[in-house]
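A short write-up of the structure that comes next.
Residue numbers (this note's numbering): 113 to 474.
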């Protein structure tokens, strides 16, 4: 590929490696999937060069920064790139496709590798992500899994994936279960841009002409926003409701959320955020149960007073095809039963085809 023709994001898979030349902090926030981080300036060096540029001038920033870049490139040549063959073809990017990636590409070409620079850098990747979400979300053949809290929707989604069905696991990408108690223990959520990158990367691997199972979600998962084109497609898609009785759901919750008893103080603090909805007296009782690690009565009341009423209000309001939903019964939510439930869901008649068959003849 000639250097006279700008390399686009769509060309990235033609290369042997994708190299992110930005700082580790920039890379941690978001990066092109599969890219390795080989910074030409680390976080501290980038801050020093930026300060020099503002306080002294561009020349001094380039002089000091150039020495840092040269040292870092030499280190990469001795380590990360030491075993690369002569015909290795890397694609390099930085923030805008400017000096940082340009410096790395120039040195690589001096060595003899056919290195190329991504036109527009990381910013072109962000434009690609936004375009993919805007253009392709309306075409997705989504099947939306619904069910009251404790109906094992996420586990069913995982079972569907294990059985070869296409799934889009938004809570997995967000590292959050989507409820007030949904934070993953000891795991931080990704950045908003990183979340969106994971979604687009997953969509790029799916066949948009086949059904894609997804869990019913609100517009926010923890502190992250689900991209609006995907929210709108989800709300307009066919629904499948998992129906389980209260005892079955409570037994499942006590297994799946058992980790909440590990930190009673944190659990009590999280429950405090519901004070405006349920009042001081109710929350005080819930916090007392949390402190005593008595999850059974706590979860039973959370279901009865908080989650179930919220579910009843939100489904018909947010899911436009709720009245036409398909339903499956779940009398058991053990691992084996969840696997069987996933098979039942996958075998349901295609609601889109059924809707077309029921439409009046012209």
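Where a beta carbon is used, it is the ideal one built from N, C-alpha and C, also for glycine.
Within the region 144 to 185, ranges of the alpha helix (DSSP H) (whole runs, at least 4 residues): Along the region 144 to 185, the alpha helix (DSSP H) occurs as fully enclosed runs of 4 or more residues at 155 to 167, listed in sequence order.
Range covered by the beta strand (DSSP E) that runs through residue 132: Here the beta strand (DSSP E) through residue 132 covers 129 to 132.
Residue range of the unbroken alpha helix (DSSP H) whose run includes residue 256: First-last for residue 256: 254 to 258, but that is the beta strand (DSSP E), not the alpha helix (DSSP H).
Distance CB(residue 257)-CB(residue 165) smaller than 8 angstroms: Between residue 257 and residue 165, the C-beta gap is not smaller than 8 angstroms, which leaves the two residues out of contact.
Touching by the beta-carbon criterion (3+ pairs, under 8 angstroms), the region 220 to 237 and the region 200 to 212: The region 220 to 237, when compared against the region 200 to 212, does touch it at the 8 angstroms Cβ threshold.
Limits of the unbroken alpha helix (DSSP H) element including residue 135: It is not in any alpha helix (DSSP H) - residue 135 carries neither H nor E in the DSSP assignment.
Spatial distance of residue 445 from residue 336 (CA atoms): Residue 445 and residue 336 have their C-alpha atoms roughly 29 angstroms apart.
CB of residue 431 within 8 angstroms of CB of residue 442, strictly: It is not a contact, given that the beta carbons lie outside the stated cut-off.
Cα-Cα separation between residue 340 and residue 250, rounded to whole angstroms: Taken atom to atom, the span from the alpha-carbon of residue 340 to that of residue 250 is near 11 angstroms.
At least 3 beta-carbon pairs within less than 8 angstroms: the region 406 to 424 vs the region 315 to 325: Under the 8 angstroms Cβ criterion, the region 406 to 424 does not count as touching the region 315 to 325, having fewer than three qualifying pairs.
Cα-Cα separation between residue 121 and residue 304, rounded to whole angstroms: Answer to the nearest angstrom: the Cα atoms are 20 angstroms apart.
Helix, strand or coil at residue 341 [DSSP, three-state]: DSSP, reduced to helix, strand and coil, places residue 341 within a helical segment of the structure shown.
Where residue 240 falls: helix, strand or coil (DSSP): Looking at residue 240 - three-state DSSP - the assignment turns out to be helix.
Residue 396 classed as buried or exposed, judged by whether at least 16 other C-beta atoms fall within 10 angstroms: Exposed: under 16 other Cβ atoms inside 10 Å.
Under the three-state DSSP convention, the category residue 396 falls into: Correct three-state label for residue 396: helix.
Of the listed residues 423, 403 and 398, nearest to residue 411 (C-alpha basis): The residue with the shortest Cα to Cα distance from residue 411 is 398.
Identity of the residues DSSP links to residue 351 by a beta bridge: 256.
CB contact flag (residue 212, residue 134, <8 angstroms): In this structure, residue 134 lies closer than 8 angstroms to residue 212 by Cβ.
Residue 148 classed as buried or exposed, judged by whether at least 16 other C-beta atoms fall within 10 angstroms: Exposed, because fewer than 16 other Cβ atoms sit within 10 Å of the Cβ of residue 148.
Bridge partners - residue 288, DSSP secondary structure assignment: Residue 288 pairs with 295.
Contacts around residue 333, its chain only, beta-carbon distance under 7 angstroms, and the 5 residues preceding and following it disregarded: Taking residue 333 as the centre and dropping the five residues before and after it, the same chain places the C-beta of 282, 283, 286, 288 and 290 closer than 7 angstroms to its C-beta, in chain order.
Under 8 angstroms between C-beta atoms of residue 458 and residue 277: Closer than 8 angstroms, so yes.
Other residues of its chain near residue 87: CB distance less than 6 angstroms, five sequence neighbours each side excluded: Only positions 113 to 474 of the chain appear in the structure, and residue 87 is not among them; the question remains open.
Whole-number beta carbon distance between residue 259 and residue 131, since they are thought to touch under 8 angstroms: About 44 angstroms separates the two Cβ atoms, so there is no contact after all.
Residue 205 - containing beta strand (DSSP E), residue span: Residue 205 -> beta strand (DSSP E) spans 202 to 205.
Burial state of residue 187, where buried means 16 or more other Cβ atoms lie within 10 Å: With fewer than 16 other CB atoms across the displayed protein chains lying within 10 angstroms of its CB, residue 187 is exposed.
Residue environment, residue 159, which counts as buried when at least 16 other CB atoms sit within 10 Å: Per the 10 Å Cβ criterion, exposed.
Rounded C-alpha distance that separates residue 247 from residue 184: Near 40 angstroms, if we compare the C-alpha coordinates of residue 184 and residue 247.
Coil, strand or helix - residue 426 by DSSP: It is helical.
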